[in-house]
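Asks: Counting with my numbering, you get residues -9 to 120 for the letters of the sequence shown. Before anything else, here's the structure in question.
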Amino acid sequence: MIYQLLYTSRSTVPRGGHTDLDILSHALTNNRLLGVTGCLLREEDGFCQVLEGAKDTVRALFEQIRCDPRHFAVTERINRLVPMRSFASWSMCYGALSAADRAFLARRFAGDSRNFAVVFDRIQKIAVAS
Ligand SMILES: Cc1cc2nc3c(=O)[nH]c(=O)nc-3n(C[C@H](O)[C@H](O)[C@H](O)COP(=O)(O)O)c2cc1C
-9 MIYQLLYTSR
1 STVPRGGHTD
11 LDILSHALTN
21 NRLLGVTGCL
31 LREEDGFCQV
41 LEGAKDTVRA
51 LFEQIRCDPR
61 HFAVTERINR
71 LVPMRSFASW
81 SMCYGALSAA
91 DRAFLARRFA
101 GDSRNFAVVF
111 DRIQKIAVAS
């Protein structure tokens, strides 16, 4: 089974700058070595990231990411075990969250629905369109 973890955070750095490139280039190299795939979505002042792979590996990477000073208010939203990866083709894809995507996710995170599949479907669509 594949462990998927989704978190959101507020960024301390502006969207699209060299910091995003630094994060991505590190993630692309390191995640390939770790067997981790996923997606990093950017809002003006925040991140939403999915990490997927072996549970222990994903948890250890997340604890490292959580302490990174380039963001704060890191909030774990979803973790689950699934039979297949959602982002198998990407060591870490990068995309932008529109206002509509952001509102959709905020509604999902505020509710108590356990239907996480719709969240991952939406994020997959954003990734494919990016
Ligand atoms: C929003 C965000 C997402 C990140 N995602 C990843 C990631 O997917 N993989 C990764 O290796 N590092 C990621 N990082 C970087 C890690 O937090 C950390 O800087 C890096 O793993 C440190 O590696 P080092 O100890 O080998 O220098 C991310 C950082 C931020 C702020």
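For glycine and all other residues, C-beta sits at the position ideal for the given N, C-alpha and C.
With a threshold of 8 Å (Cβ to nearest heavy atom), would phenylalanine 77 be considered close to ligand 1?
Replies: Translated into the one-based positions of the sequence shown, residue 77 becomes position 87. For ligand 1, not one heavy atom lies less than 8 Å from the Cβ of phenylalanine 77.
Asks: By Cβ distance, which residues of its chain are closer than 7 Å to arginine 0, with the 5 residues on each side in sequence left out?
Replies: By one-based count along the sequence shown, residue 0 stands at place 10. The answer, listed in chain order, is Asp35, Gly36, His61, Phe62 and Ala63.
Asks: Could you spell out the range, first to last residue, of the alpha helix (DSSP H) harbouring alanine 44?
Replies: Residue mapping note: residue 44 aligns to position 54 of the sequence shown, counting from 1. Taken as a continuous stretch (DSSP letters only), alanine 44 belongs to no alpha helix (DSSP H), as it is neither H nor E.
Asks: Indicate whether glutamate 33 and arginine 67 have their beta-carbon atoms separated by less than 9 Å.
Replies: The residue given as residue 33 occupies position 43 in the sequence shown. The residue given as residue 67 occupies position 77 in the sequence shown. Result no, Cβ atoms of glutamate 33 and arginine 67 do not sit closer than 9 Å.
Asks: Have a look at alanine 107 and phenylalanine 94 and give me their C-alpha separation to the nearest angstrom.
Replies: Taking the sequence shown and counting its residues from 1, the one referred to as residue 107 is at position 117. Taking the sequence shown and counting its residues from 1, the one referred to as residue 94 is at position 104. If I take the Cα positions, the gap works out to 13 Å.
Asks: Can you tell me whether serine 120 is buried or exposed, with buried defined as 16 or more other CB within 10 angstroms of its CB?
Replies: Here residue 120 refers to the residue found at position 130 when the sequence shown is read from its first residue. By the neighbour-count rule (16 or more Cβ atoms within 10 Å), serine 120 is not buried but exposed.
Asks: Give the C-beta separation of leucine 11 and alanine 86 to the nearest angstrom, bearing in mind that I take them to be a contact with Cβ-Cβ under 8 Å.
Replies: Start at 1 with the first residue of the sequence shown, and residue 11 comes out as number 21. Start at 1 with the first residue of the sequence shown, and residue 86 comes out as number 96. The pair is not a contact, with the Cβ atoms about 14 Å apart (cut-off 8 Å).
Asks: Taking its Cβ as the centre, do 16 or more other Cβ atoms sit within 10 Å of methionine 82, making it buried, or is it exposed?
Replies: Reading the sequence shown from its first residue, position 92 is the one you call residue 82. Looking at its Cβ environment, which holds 16 or more other Cβ atoms inside 10 Å, methionine 82 is buried.
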